[in-house]
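Trainee: Below you will find the structure I want to go over with you.
Number of protein chains: 2
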Amino acid sequence: MTAVATCSIARSLEVLGEKWTLLVVREAFWGSTRFSEFQSSLGVSTDILTARLATLVDAGVLERRSYREEGARERSSYHLTESGRELRVVLGALASWTNDHHPAGFGAGTVYRDRETHEPVRVGFISATGVPLDAESVEVTRPQ
Amino acid sequence: MTAVATCSIARSLEVLGEKWTLLVVREAFWGSTRFSEFQSSLGVSTDILTARLATLVDAGVLERRSYREEGARERSSYHLTESGRELRVVLGALASWTNDHHPAGFGAGTVYRDRETHEPVRVGFISATGVPLDAESVEVTRPQ
DNA sequence: CACTCTCGCTTGGTTTTTCAAAGTCAGCTT
DNA sequence: AAGCTGACTTTGAAAAACCAAGCGAGAGTG
């Protein structure tokens with residue numbers, strides 16, 4: 000891992016590739032906002048959670064806000080930014096890959112569905128004109 | 000990280016979430032097949048590479064084959080399976096997220112393009128009927 | 001047959017990261 | 001004041017990653 004990678008995939012992993020990071024993002028999608036909520040649902044140790052929340056805030060994935068409940072002091076909460084919300088498709092791609100290739104023994108796992116038809120959706124490439132493309136119609140240009 | 004997670008995202012990260020793993024897959028997409036090719040392009044230490052290739056083979060992402068060059072003994076090479084090739088969209092989602100939100104200083108980074116028009120493509124949800132969906136039209140059902 | 005070379009691992013020792021538990025601190029209630 | 005609570009910090013030990021060196025099988029060379 001060099002200082003700043005040219006490859007976009009490597010750069011994405013500099014932010015998202017550490018242990019727990021994407022699970023923190025997943026919890027944020029499922030509604031966690033407070034330190035204690037992330038901690039109790041993930042079971043991650045507190046020092047790691049502190050560090051991950053900090054990198055996600057630095058990277059602009061989460062935004063730190065202050066809130067105050069009645070009879071309590073001011074505290075921080077963490078909310079997905081627009082940039083963070085766009086990670087939905089990354090999580091969707093991971094979930095649907097696993098559902099296809101490493102299905103769970105029981106239960107359906109995490110499934111992304113069409114809100115209207117409730118059919119499972121897939122994640123795929125879409126052209127600039129809004130047309131789904133199959134894998135063969137996509138090429139990659141790498142840096143340098 | 001418990002034994003076997005119910006959540007599909009957590010399960011995907013059990014295979015793909017370790018350091019270097021997705022970069023090994025990326026190299027496989029870019030044509031690396033031999034141990035030494037992965038090693039020299041990634042700069043990862045050999046013991047880690049051995050371990051990562053083994054987990055990827057176990058997970059069915061890579062397939063180990065034997066090859067023999069003239070005047071050399073039989074060696075192993077590693078090739079993407081169908082399951083591994085379907086990770087293309089995961090890498091595409093990561094790359095396009097980074098290109099949008101953490102652009103590199105110079106150069107274009109890694110870009111997935113339409114093979115015909117050469118326009119950059121995006122990664123998104125596609126309904127069972129083949130229609131692209133925006134983020135709001137997708138819901139998530141989580142396990143249990 | 002000895003000798004060397006290469007590739008794909010292994011091994012050994014050091015550094016870094018993760019873990020679990022305990023400690024800290026601000027400000028609120030009693 | 002004294003105690004509580006949520007969000008960190010610190011501490012010390014375990015696990016993983018890193019680096020350099022070593023190993024072994026088979027092929028070629030002398």
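These protein sequence lines are chains A and B, in that order.
Taking numbering that gives the first Met the number 0, the leading residue of the first sequence gets 0, the next gets one more, and so forth.
Taking numbering that gives the first Met the number 0, the leading residue of the second sequence gets 0, the next gets one more, and so forth.
Glycine included, each C-beta is placed from N, C-alpha and C at the ideal position.
Because the structure is a prediction, the values reported are computed rather than measured.
Output the distance between the C-alpha atoms of T80 (chain A) and R72 (chain B), rounded to the nearest integer angstrom.
Mentor: Distance between the alpha carbons of T80 (chain A) and R72 (chain B) is about 54 angstroms.
Trainee: When you compare each of B:F34, B:V60 and B:S75 to R67 (chain B) by their alpha carbons, which one comes out closest?
Mentor: Among B:F34, B:V60 and B:S75, the Cα nearest to that of R67 (chain B) is on B:S75.
Trainee: Can you check whether the C-beta of I125 (chain B) is within less than 9 angstroms of a C-beta belonging to chain A?
Mentor: For I125 (chain B), the answer is yes, since a Cβ of chain A falls inside 9 angstroms of its Cβ.
Trainee: Which residues of chain B have a Cβ atom closer than 7 angstroms to the Cβ of Y111 (chain A), listed in chain order?
Mentor: Simply F124, V137 and V139.
Trainee: Residues of chain B with CB closer than 8 angstroms to the CB of A107 (chain A), please, in chain order.
Mentor: Simply T140 and P142.
Trainee: How long is the line joining the alpha carbons of L61 (chain A) and I8 (chain B), rounded to whole angstroms?
Mentor: Cα to Cα, the separation comes out at about 19 angstroms.
Trainee: To the nearest angstrom, how far is the alpha carbon of A94 (chain A) from that of A4 (chain B)?
Mentor: Each residue's alpha carbon lies about 12 angstroms from the other.
Trainee: H117 (chain B) by DSSP, collapsed to three states: which one?
Mentor: Correct three-state label for H117 (chain B): coil.
Trainee: Out of curiosity, what's the CA-to-CA distance linking Q38 (chain B) and W19 (chain B)?
Mentor: One C-alpha to the other measures close to 11 angstroms.
Trainee: If you run the structure through DSSP and keep just helix, strand and coil, what is S39 (chain B)?
Mentor: Looking at S39 (chain B) - three-state DSSP - the assignment turns out to be helix.
Trainee: Taking beta-carbon pairs under 8 angstroms, can you tell me which members of the stretch 72–89 of chain A lie near chain B?
Mentor: Answer in chain order: S82, R84, E85, L86, R87, V88 and V89.
Trainee: Which residue wins for smallest C-alpha separation from R25 (chain A), given the options A:I47, A:L86, A:L12 and A:G42?
Mentor: With distances taken between Cα atoms, R25 (chain A) lies closest to A:L86.
Trainee: Within 9 angstroms (strictly less), CB to CB, does A50 (chain A) reach chain B?
Mentor: Chain B contact via Cβ: absent.
Trainee: When the distance is taken between beta carbons, is V14 (chain B) closer than 9 angstroms to A50 (chain B)?
Mentor: Not in contact: A50 (chain B) and V14 (chain B) (Cβ atoms no closer than 9 angstroms).
Trainee: Can you tell me the Cα-Cα spacing of R33 (chain A) and R114 (chain B), whole angstroms?
Mentor: Cα to Cα, the separation comes out at about 44 angstroms.
Trainee: Hey, is G91 (chain A)'s beta-carbon within less than 9 angstroms of any beta-carbon in chain B?
Mentor: Yes, G91 (chain A) lies at the interface with chain B (some Cβ there is under 9 angstroms from its Cβ).
Trainee: Starting from E138 (chain A), trace the beta strand (DSSP E) in both directions and tell me its first and last residue.
Mentor: Taken as a continuous stretch (DSSP letters only), the beta strand (DSSP E) holding E138 (chain A) covers V137 to T140.
Trainee: Rounding to the nearest angstrom, what Cα-Cα distance links S35 (chain A) and V110 (chain B) in this structure?
Mentor: One C-alpha to the other measures close to 38 angstroms.
Trainee: Quick check on T97 (chain A): buried or exposed, where buried means 16 or more other Cβ atoms within 10 Å of its Cβ?
Mentor: Answer is buried; the Cβ neighbour count reaches 16.
Trainee: Would you say A27 (chain A) faces chain B, with C-beta separation under 9 angstroms as the test?
Mentor: No, because no Cβ of chain B sits closer than 9 angstroms to the Cβ of A27 (chain A).
Trainee: Can you tell me which residues form a DSSP beta bridge with P131 (chain A)?
Mentor: Beta-bridge pairing links P131 (chain A) to A:I125.
Trainee: Quick check on DSSP: helix, strand or coil for R10 (chain B)?
Mentor: Reduced to three states, the DSSP call for R10 (chain B) is helix.
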